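Quick notes on the structure that follows.
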Amino acid sequence: MSNPVSQCADFLQQLSISTIVSKSSTVVHMVNNPANNPGRANVQVQHASNHHRDRELQTAKKVRRKPRHRNRHKQKDDEDDGSRHSVSSNCSRSSSNFRDLPSSPSTSANKSTNNPRQRLPSASTNTPPREDTIQVTFSIQAVTTNTNSKMIRQRNVEDKFINLRSFIESRSSSCLFITPFFKKSANRQKTNKVNCRKYAKKESRRERKKREQEREQGTFSEYMDQKDIDEGLANGTLVKGFIRINPKNARDSYVNNEDSSIADYNITSISDRNRALEGDQVVLQVITKKEADKKEGDKKEGDKKEGDKKEGDSNQNPAKVVAILQKIHSRTCIGFLKWIDNEEGTFALFAPRDKRFPPMRISELYLPAGFKDKPKKFETVLFMGKLLEWEVPSYAKGILLEKLGESGNLQIESLSILRENNLDITPFSDEIVNSLPDLKVIPEKEFEYREDLRKKCIFTIDPESARDLDDAVSVESLRNGNLEVGVHISDAAFYLEEGTELDQIVARKATTIYLVDKAYHMLPSELCLASSLLPGEDKLSFSVFWEMTQDGDIVNTRFTRSVVNSCAKLAYEHAQSVIENPDKEFSTKDFPQIYNGFEPKDLVNIVNILQGLAVKLGEKRIQNGALRIDKVKLSFSLDPVSGEPVSYSIYENKESHRLIEEFMLLANISVAQKIYDDFPEVAFLRCHEPPKVTMLTALQDKLAMYGMHLDISSSGAIATSVKKYMTDDFIGKARAVALNHFTSKAMIRAQYFCASFKTGAEEFKHYALSIPIYTHFTSPIRRYADIMVHRLLAASLGYTNPPKWDAQYVEAIATNCNLQKYQAKKAGDASMDLYLAHYIENGKPCKEDCVVVEVREDKIDVVVLKTGSVLRIYANSCPSTIWTYEDKKLQVHFLKYNNFEAATILIDVFSVVKITIRRKDSYSLYGRLLRPQPPGSPAKHRGAQNRNPKSSEKPKKLRRDNERAAAYRRRMEEKKKSKE
21 MSNPVSQCAD FLQQLSISTI VSKSSTVVHM VNNPANNPGR ANVQVQHASN HHRDRELQTA
81 KKVRRKPRHR NRHKQKDDED DGSRHSVSSN CSRSSSNFRD LPSSPSTSAN KSTNNPRQRL
141 PSASTNTPPR EDTIQVTFSI QAVTTNTNSK MIRQRNVEDK FINLRSFIES RSSSCLFITP
201 FFKKSANRQK TNKVNCRKYA KKESRRERKK REQEREQGTF SEYMDQKDID EGLANGTLVK
261 GFIRINPKNA RDSYVNNEDS SIADYNITSI SDRNRALEGD QVVLQVITKK EADKKEGDKK
321 EGDKKEGDKK EGDSNQNPAK VVAILQKIHS RTCIGFLKWI DNEEGTFALF APRDKRFPPM
381 RISELYLPAG FKDKPKKFET VLFMGKLLEW EVPSYAKGIL LEKLGESGNL QIESLSILRE
441 NNLDITPFSD EIVNSLPDLK VIPEKEFEYR EDLRKKCIFT IDPESARDLD DAVSVESLRN
501 GNLEVGVHIS DAAFYLEEGT ELDQIVARKA TTIYLVDKAY HMLPSELCLA SSLLPGEDKL
561 SFSVFWEMTQ DGDIVNTRFT RSVVNSCAKL AYEHAQSVIE NPDKEFSTKD FPQIYNGFEP
621 KDLVNIVNIL QGLAVKLGEK RIQNGALRID KVKLSFSLDP VSGEPVSYSI YENKESHRLI
681 EEFMLLANIS VAQKIYDDFP EVAFLRCHEP PKVTMLTALQ DKLAMYGMHL DISSSGAIAT
741 SVKKYMTDDF IGKARAVALN HFTSKAMIRA QYFCASFKTG AEEFKHYALS IPIYTHFTSP
801 IRRYADIMVH RLLAASLGYT NPPKWDAQYV EAIATNCNLQ KYQAKKAGDA SMDLYLAHYI
861 ENGKPCKEDC VVVEVREDKI DVVVLKTGSV LRIYANSCPS TIWTYEDKKL QVHFLKYNNF
921 EAATILIDVF SVVKITIRRK DSYSLYGRLL RPQPPGSPAK HRGAQNRNPK SSEKPKKLRR
981 DNERAAAYRR RMEEKKKSKE
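Listed below in structure tokens is the structure:
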């Protein structure tokens, strides 16, 4: 193997690199001298200015290492005269006229010394460089990998200089790590553009965090008086809205602008957030451009986290919080307890898991027994804390409410998810349950006015494990050739009397919470069982009937309270089998038990008729502009004893799912129009606002960079545009996942609302469904919003008296339903992540294909194709790699390591990469890029193709290196914990 210095010199000679010169730069002459000493490179230093030249020469003296045996290396030192040099830590603009720089007396003095190591060429000599001399500037910032950067810092921490030759000779492998820098530097110098700040030393996370904390010292500004707030909101100098905080960066938050054509209001510091927490309704004062620029000027470039910002936020309006109208956030959080002993004193600090929540100092009165004596025993114990006072941005004061248990335990982690999202899972008291009416027997008077449908072929189609059966379907042929299609919804509102204590509790809960291992019902289990449309039992229901033509056109609609008796409980798999085999003769063995004298052919006939109508209804919705965004949903199989996840699968959305979906949508649309016609003041509706124009424009521009045209004129136009780029091959499916990710990020959450709080038909619209009016009617067992709608529908049909509600009451119920629905969804997603992380931790390392959705200088965001998980991969989590970012593309170079060959991959948005997924903490995952294998390599293990089966030393060496790396990581983790 040739000398590394020679390799470096040969490589540099192949490059045509101009010289970078500035007041603080160092010109280095690399001279290959094969006559005297082949395989070595002489290094000569020519300085750009007197002051910096003297300083660098002095620094060079400091860092030179004396040989252990001077006599032994005397000849070597004579031959390599002037080879020791310093390397500047800055780079600047290009210049080719470095030879005319003024000389310095100190240079001449150094030249006349007897020490051969100081015989450096002076800039005063007009002798031009030799023809075989290449002029370059070295910068230690070119070394981007953790290992090499750490080696440089260890060599010379104080002066930040390093002797190039000794550093190169100390390495056993060639200097591949400097190659990307010189290539990039050459390209930049050709255009006379060098980004000095890009190669400047980057702050460490600890340094940046310390500086940010210093900047955040002080107190919050006082809130405005209510009188000033009212005046400001009236004259438009102040605005109000609900604050949203970036979960990855607590200093980045925003409030939606009511004008969709204008960017959101952006809050860029914790001080300007002024004690507001996620979801709070706040009052904002817009900051002037001058003040915003001043605040931005206080930040260094390292503060800016491009990857954490929203699409289209570059033009956001800077603002600050001047008041909190309503504290939506519960001020509680889950975290760990630490004992701090530093210059500020000794105290207990509550470190929340949620980075948007401030750390809290806990009074000794609330500390658990034994914590002060042995705080390490509590390092992995989860607590629930509550914020009491927040006077300074850096920390708050709080108390401990509850000790949950050891982190990592599935039950404890599930409980922490519920607590963190402030979800009420308190069981109903015996007093409440005993107050329920007799649920086993239907009152006789209900049969007198309800339509009796017990002899009709009505059945449910639900997941096989479902217990809450809200809806059933039916269809009959009419004499005129049309069809009467029926949707029958459980009449749970009949059993839940309005205004009772139970009703108030259910209204607060607002929704059923579905975790992987358990469901926490909104209603008492006894009431759920009585309302559920179980087969073979008489049940009260609300029915919607449509007379339809064979083409799915609606002739008329009617609503009625009814009594039904479901003849079967079909699973989606049963209905899907019928759809896929319409001509097959099914037997009773192919279905669950069928009641009321019906046969399998009756069910098959109805399923086939409904499927034909559902397809036509879906086509009409798409033609009207409906936008469908499909996301991956996982289904877990749990061990019946331990509750551990043993496997998972993708929940497929097939034709049978869309069959039920179409008729539930139709029922919701029909009921929404009915209750709005009869109660326009207090109608309980649901809308979906169009996305921000700025967000859609940003997405349109982003896709245009990759040759994709996105028509953003309507939801239907977006659906049509996206569909063109979705194909059935592997790359097409990966592209579809990325496009669904982009479009879903641009969307705004749908909301419940009171009709009086919206003006105009445009505000009633549901953007994704592309319909003028909508509500929720079909799931009263699990949603309180549907209970409200059932009460309005019953009053509109004359079954009950008109409700004595005012608009404020309905809007308050709608707001709570929105909040609880969102919190329950977050809890469900977190539960999925928890069980997936637990499954991966207990099993083998998970290696999956991912599609890249965001590319930054030191990180990429990917979506795992199989699970739908969104992960962020950082450069520092991928050892032995060099990341080069240019023109919004990333080149990752994998260095040669042990039995792994060097490789390079180019990463861009829509690229498909392979990563390994591991568990990071409680329920979060992290990924790491996998080294690509050579095409056609049959080896399963990365690097296995480079192993010599006859040699036993290589596998042993690989194991030894892995053990050393693991030991190093453990030491670093212990060191980090000790510092904390």
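With the first letter of the sequence shown counted as 1, position 23 gets the number 43 in the working numbering; the numbers rise by one all the way through. Yeah, the Cβ is synthetic: ideal placement off N, Cα and C, and Gly gets one too. This structure is a prediction, so every number in the text was calculated from the model and none was measured.
Contact check between the stretch 561 to 571 and the stretch 686 to 696: three or more CB pairs, one atom from each, fall below 8 Å, which counts as touching. The Cβ neighbour count for residue 482, taken over all protein chains shown within 10 Å, is at least 16; the residue is labelled buried. DSSP places residue 371 within a strand segment (E or B) once states are collapsed to three. When the Cα atoms are used, residue 258 and residue 407 turn out to be separated by approximately 27 Å.
The beta carbon of residue 497 lies closer than 7 Å to those of 503 in the same chain, with the five residues before and after it left out.
For residue 351, there is no enclosing beta strand (DSSP E), since its DSSP letter is neither H nor E. When C-alpha distances from residue 871 are compared across 861, 878, 882, the shortest belongs to 882.
The stretch 718 to 750 contains, as complete alpha helix (DSSP H) runs of 4+ residues, the segments 735 to 743 (chain order).
Segment contact: the stretch 719 to 735 against the stretch 842 to 849, fewer than three CB-CB distances shorter than 8 Å; contact not assigned.
Residue 666 has its alpha-carbon roughly 10 Å from the corresponding atom of residue 860.
Apart from the 5 residues on each side of it in sequence, residue 558 sits with its Cβ closer than 7 Å to the Cβ of 462, 474, 583, 585 in its chain, given in chain order. According to the DSSP assignment, residue 835 belongs to the alpha helix (DSSP H) that extends over 827 to 862. Assignment of beta-bridge partners to residue 273 by DSSP yields 265, 287. The three-state secondary structure of residue 461, taken from DSSP, is coil. For the options 388, 454, 698, 618, the alpha carbon positioned closest to that of residue 419 is the one of 388.
Taking residue 771 as reference, the option from 837, 749, 493, 798 with the minimal CA-CA separation is 837. Shown here for residue 620: same chain residues with a beta carbon closer than 8 Å to its own, the five before and five after excluded, namely 606, 607, 608, 610, 611, 614 in chain order. Looking at the DSSP output, residue 581 shares a beta bridge with 562. Spatial neighbours of residue 576 in its own chain (CB-CB distance under 7 Å, excluding positions within 5 residues in sequence) are listed in chain order as 567. Per DSSP, the continuous beta strand (DSSP E) segment holding residue 947 begins and ends at 945 to 949.
With at least 16 other beta carbons inside 10 angstroms of its own, residue 529 counts as buried. Around the beta-carbon of residue 812, 16 or more other beta-carbon atoms lie within 10 Å, marking it buried. In the DSSP assignment, residue 903 forms a beta bridge with 912. Taking a contact as a CB-CB distance under 8 Å, the pair residue 754 and residue 873 does not count as one, their CB atoms being some 10 Å apart. Distance from the CA of residue 630 to the CA of residue 676, rounded to the nearest whole angstrom, comes to 10 Å. Listed as beta-bridge partners of residue 771 by DSSP are 707. Shortest Cα-Cα distance from residue 692 to any of 751, 746, 808 involves 808. In the three-state reduction of the DSSP assignment, residue 655 falls in the strand class. If you ignore the 5 residues before and after residue 540, its C-beta comes within less than 7 Å of the C-beta of 445, 532, 533, all in its own chain and listed in chain order. In this structure, residue 381 and residue 358 do not form a Cβ contact; the two beta carbons are roughly 11 Å apart against a cut-off of 8 Å. Taking a contact as a CB-CB distance under 8 Å, the pair residue 773 and residue 834 counts as one, their CB atoms being some 5 Å apart. In the DSSP assignment, residue 418 falls outside any alpha helix (DSSP H) and lies within the beta strand (DSSP E) extending over 415 to 426.
In this structure, the alpha-carbon of residue 348 lies about 26 Å from that of residue 854.
In the three-state DSSP reduction, residue 482 falls in the strand class (E or B). Between residue 700 and residue 775 the beta-carbon gap is near 6 Å, inside 8 Å, which marks them as a contact.
Burial of residue 953 is indicated by the presence of at least 16 other C-beta atoms within 10 angstroms of its C-beta.
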